[in-house]
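First the structure, in the form of structure tokens, and then the observations on it.
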Ligand SMILES: Cc1cc2nc3c(=O)[nH]c(=O)nc-3n(C[C@H](O)[C@H](O)[C@H](O)COP(=O)(O)OP(=O)(O)OC[C@H]3O[C@@H](n4cnc5c(N)ncnc54)[C@H](O)[C@@H]3O)c2cc1C
Ligand code: SF4
Ligand code: FES
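Residue numbers (the working numbering), protein chains in the order written: chain A, 1 to 584; chain B, 585 to 843.
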């Protein structure tokens with residue numbers, strides 16, 4: 001075991017982690033621990049754009065953007081945070097341009113902007129062009145640009161280091177962050193990083209679904225590490241299902257395709273979104289479009305022999321426009337489906353895409369231990385966190401924005417905190433939890449396999465807690481997850497070595513997914529209403545009287561060692577926008 | 585309004601892509617295995633599996649790892665050609681395992697899978713990427729603009745100027761090009777195509793003012809002049825970047841000092 005000491009430790013090197021690192025490195029001695037090489041992070045997969053009311057191509061302002069974000073989130077958004085997001089968006093985009101990001105340009109040479117779902121002029125009048133973009137590679141360019149600037153700033157990376165535990169020490173009755181424990185993939189060695197401040201920027205948790213746009217490595221490690229240490233997870237029932245994933249594979253086809261004029265059609269060729277969202281049509285918010293697609297499928301208007309998908313039709317768009325604006329997604333269709341989007345429509349279905357919930361933070365990125373108490377020294381930003389700027393449903397292009405705005409804020413806050421704070425003493429045997437976990441898996445002779453349990457988990461999640469949910473389906477999922485958690489105790493692995501043991505890490509990642517799936521399903525069961533991405537067929541309406549509040553899920557361990565989940569609730573911050581019915 | 589006929593594929597009586605009635609086939613994966621914890625020697629190992637030919641080589645590797653041999657080790661993340669984790673030699677050619685479909689590489693014969701060449705193999709298909717990233721860092725891969733006073737808004741750039749370096753912005757640092765280059769195999773000191781591609785991305789960016797410095801770096805004995813224009817890199821690039829052309833443009837810029 002090795003012990004390291006840094007002022008600031010950042011867990012994750014996606015957009016949020018590297019944006020934080022650029023700030024933190026200038027201000028404090030910083031280490032970035034990342035299980036992937038930074039440029040492998042899933043921010044690089046983001047396609048469509050990053051929202052900011054630059055008003056480069058038409059009238060726009062940050063207040064409209066704030067409103068759209070709150071409405072898009074079905075009023076579960078904390079309005080003070082949404083206002084910060086929309087206001088600071090403009091500088092966030094300009095900062096990236098100054099760092100070198102090659103945005104697409106207008107004829108005047110300014111940053112070009114395009115339409116995206118749920119973004120409107122003047123509180124819903126008509127779609128507005130607010131998404132700044134670089135073809136359909138915006139996330140790639142953000143990730144590359146941030147990495148380039150990390151190289152420039154000399155950021156210290158520990159690549160292929162998996163953070164597996166969060167260390168917390170109680171000092172005078174206050175639980176403070178003491179550091180993290182990491183596992184080095186190349187050698188199997190355990191490293192303890194003592195740090196005055198820790199920032200989680202470890203991304204999402206989409207891999208508990210089978211059909212997902214998320215990478216294999218998005219297994220919610222950060223959420224799970226904090227949750228295991230008694231910290232709450234907020235709004236985990238809210239997961240976004242993006243309308244246009246490649247049928248059966250889940251690979252994303254950006255909403256930018258509809259922003260450029262693409263149309264969704266059922267088997268009769270009908271532009272069905274006109275029925276469900278007369279004004280915004282194909283560009284209504286994602287939860288609305290995903291439900292509409294499944295309604296078409298359920299009512300027998302799906303395409304293909306099994307009627308289990310619909311089409312994204314780009315055939316009416318000029319090939320030059322597709323080449324210039326959507327080169328990557330058209331190539332995905334060619335590579336993975338053998339379909340030529342110039343002439344043929346692309347089969348799509350909703351795909352599990354984005355975790356609205358996560359580790360609760362305030363607007364400075366400080367992690368909350370309950371509804372109000374901050375955990376000194378602990379921060380989170382990006383998809384792992386819940387500020388909450390996305391509420392019950394995130395608008396497209398608001399996440400690339402979120403990672404930049406709140407990644408920067410967390411980086412500054414954590415580094416500045418490290419100037420005022422002392423190191424917190426490490427708990428006794430800080431590595432013990434991780435060592436036990438690893439030894440148990442390595443020594444186990446149980447007969448369960450990681451891949452089998454993961455498949456069963458993904459199947460139950462797809463079947464029971466996706467776009468449509470009922471008491472019955474959620475209960476089925478809860479029971480199945482409980483069974484899988486039992487069976488997980490009998491998981492064994494084949495690779496017993498120390499070097500690049502990805503067999504072991506996949507087993508640990510599965511444990512995280514199981515914990516988080518349980519929280520998600522339990523939170524969903526208790527929310528007896530429909531709001532944003534959480535749709536209950538048995539409670540189809542939004543219920544502001546009982547559920548205009550955030551879910552806070554805590555892990556409880558009884559005296560006999562039994563684990564359970566305790567649900568609590570947190571008020572939503574409302575400033576100037578009164579909840580209204582959402583219409584698009 | 586006439587509605588377009590959308591179910592073309594069905595109408596033609598052809599099963600749609602990915603549809604279950606496409607027959608599973610049996611293929612052999614012949615994988616170069618190496619684990620210094622077990623043996624100092626690398627060996628070939630064969631695995632037989634059932635797979636839909638429309639699946640990816642990466643899916644095949646997962647089937648082996650998940651259902652047959654958990655010790656098989658490789659890097660991967662996004663599974664759709666965007667993160668650059670899984671460059672490997674498949675049937676003797678550098679490709680991304682997640683962007684190569686079984687049906688496109690003749691599944692009749694054993695499919696050989698080896699680590700990319702020229703970088704130290706650490707375990708199975710995992711190689712040491714550090715020298716590759718070092719070469720990348722050496723070309724100063726970040727915008728250096730000497731604006732005396734930073735503009736408050738964005739810098740302006742015409743669409744033509746933006747297009748000038750578009751191709752090289754697509755790089756995902758997968759190393760398929762560099763590790764397909766015979767010069768790099770013979771001389772690990774050579775910067776390699778990927779580093780030059782990333783230098784090109786800044787040299788030809790109208791907002792950048794450090795072209796001269798980067799050209800000096802590439803003028804080095806291990807720099808751009810080592811390139812023998814074999815086009816291996818262009819063939820290997822999964823992002824379709826015209827790598828050789830980019831290298832040629834850098835060479836020309838070195839001679840003319842115009843870019
Ligand atoms: C296909 C796709 C397209 C998208 N398109 C858009 C878009 O157009 N616009 C938009 O706004 N949003 C989009 N999104 C959403 C957005 O891209 C993501 O939410 C965002 O990039 C997440 O960034 P992040 O920095 O939080 O996490 P990530 O980029 O996922 O980074 C996570 C980091 O954490 C590290 N990590 C994870 N676990 C550990 C561990 N245990 N130890 C150490 N390190 C760890 C990883 O190595 C990685 O570096 C898209 C998402 C997807 C999947
Ligand atoms: S130029 Fe192409 S092959 Fe080379 S590293 Fe970049 S993406 Fe990979
Ligand atoms: S796994 Fe990301 S490029 Fe292949």
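Backbone N, C-alpha and C define an ideal beta-carbon position, used for all residues, glycine too.
Determine the direct distance from the alpha carbon of residue j to that of residue i, and round the result to whole angstroms.
i: residue 715(B); j: residue 766(B); result: 16 Å
i: residue 602(B); j: residue 347(A); result: Low per-residue confidence applies at residue 602(B): pLDDT is 47, beneath 50, and the placement is therefore not dependable, though the value from the model is reported in the following sentence. When rounded, the distance between both Cα atoms is 10 Å.
i: residue 527(A); j: residue 633(B); result: 44 Å
i: residue 635(B); j: residue 629(B); result: 18 Å
i: residue 393(A); j: residue 524(A); result: 14 Å
i: residue 72(A); j: residue 285(A); result: 6 Å
i: residue 345(A); j: residue 65(A); result: 32 Å
i: residue 190(A); j: residue 713(B); result: 22 Å
i: residue 384(A); j: residue 34(A); result: 14 Å
i: residue 707(B); j: residue 188(A); result: 13 Å
i: residue 587(B); j: residue 267(A); result: At residue 587(B) the pLDDT is 43, less than 50, meaning the model places this residue with poor confidence and gives no usable figure here.
i: residue 172(A); j: residue 231(A); result: 18 Å
i: residue 802(B); j: residue 270(A); result: 57 Å
i: residue 203(A); j: residue 217(A); result: 9 Å
i: residue 441(A); j: residue 492(A); result: 6 Å
i: residue 496(A); j: residue 529(A); result: 47 Å
i: residue 67(A); j: residue 370(A); result: 27 Å
i: residue 511(A); j: residue 810(B); result: 50 Å
Looking at residue i and ligand 3, is the gap between the Cβ and the nearest heavy atom below 7 Å?
i: residue 663(B); result: yes
i: residue 660(B); result: yes
i: residue 681(B); result: yes
i: residue 668(B); result: yes
Please report the residue range of the beta strand (DSSP E) in which residue i lies.
i: residue 319(A); result: Where residue 319(A) is concerned, there is no enclosing beta strand (DSSP E), although the alpha helix (DSSP H) it sits in stretches over 319 to 325.
i: residue 635(B); result: 627 to 635
i: residue 587(A); result: An answer regarding residue 587(A) cannot be provided, because it is not within the stretch 1 to 584 covered by chain A.
i: residue 571(A); result: 563 to 571
i: residue 349(A); result: 346 to 355
i: residue 178(A); result: 174 to 184
i: residue 2(A); result: 2 to 11
i: residue 165(A); result: 161 to 171
i: residue 672(B); result: 671 to 674
May I ask you to check if the CB of residue i is nearer than 7 Å to at least one heavy atom of ligand 2?
i: residue 758(B); result: yes
i: residue 825(B); result: yes
i: residue 781(B); result: yes
i: residue 811(B); result: no
i: residue 102(A); result: no
Below 7 Å, is the gap between the Cβ of residue i and the nearest heavy atom of ligand 4?
i: residue 41(A); result: Ligand 4 is absent from the structure shown, which contains only ligand 1, ligand 2 and ligand 3.
Note the first and the last residue of the continuous alpha helix (DSSP H) segment covering residue i.
i: residue 107(A); result: Residue 107(A) -> no alpha helix (DSSP H), and no H or E assigned at all.
i: residue 768(B); result: 766 to 770
i: residue 802(B); result: 795 to 802
i: residue 36(A); result: It is not in any alpha helix (DSSP H) - residue 36(A) carries neither H nor E in the DSSP assignment.
i: residue 88(A); result: 79 to 99
Please look up how many angstroms separate the CB atoms of residue i and residue j, rounded, as I've assumed it's under 8 Å.
i: residue 474(A); j: residue 521(A); result: 6 Å
i: residue 79(A); j: residue 329(A); result: Between residue 329(A) and residue 79(A) the Cβ distance is about 34 Å, and since that is not below 8 Å, they are no contact.
i: residue 658(B); j: residue 670(B); result: 6 Å
i: residue 198(A); j: residue 430(A); result: So it is not a contact: roughly 13 Å between Cβ atoms.
i: residue 90(A); j: residue 54(A); result: 6 Å
i: residue 351(A); j: residue 211(A); result: 5 Å
i: residue 779(B); j: residue 843(B); result: Rounded, the Cβ-Cβ distance is 17 Å, inconsistent with contact.
Check whether the Cβ of residue i lies closer than 7 Å to any heavy atom of ligand 1, and answer yes or no.
i: residue 22(A); result: no
i: residue 384(A); result: yes
i: residue 162(A); result: yes
i: residue 584(A); result: no
Scan the stretch 410 to 444 of chain A and note each continuous alpha helix (DSSP H) run of 4 residues or more that stays entirely inside, going in chain order. For the stretch 410 to 444 of chain A, whole alpha helix (DSSP H) runs of length 4 or above, ordered along the chain, are 432 to 443.
Contained alpha helix (DSSP H) runs [length at least 4] in the stretch 272 to 340 of chain A, N- to C-terminal order: Listed in chain order, they are 273 to 276, 286 to 298, 319 to 325 and 327 to 332.
In the stretch 491 to 516 of chain A, which residue ranges form an unbroken alpha helix (DSSP H) of at least 4 residues, counting only runs that do not cross its ends? As summarised for the stretch 491 to 516 of chain A, there are no continuous alpha helix (DSSP H) elements at least 4 residues long confined to that stretch.
Residue ranges of each beta strand (DSSP E) within the stretch 230 to 271 of chain A, 3 or longer: Listed in chain order, the complete beta strand (DSSP E) runs (minimum 3 residues) inside the stretch 230 to 271 of chain A are 239 to 246 and 263 to 265.
Fully enclosed by the stretch 736 to 770 of chain B, which alpha helix (DSSP H) runs are 4 residues long or longer? With a minimum length of 4 residues, the continuous alpha helix (DSSP H) runs that stay inside the stretch 736 to 770 of chain B are 743 to 748 and 766 to 770.
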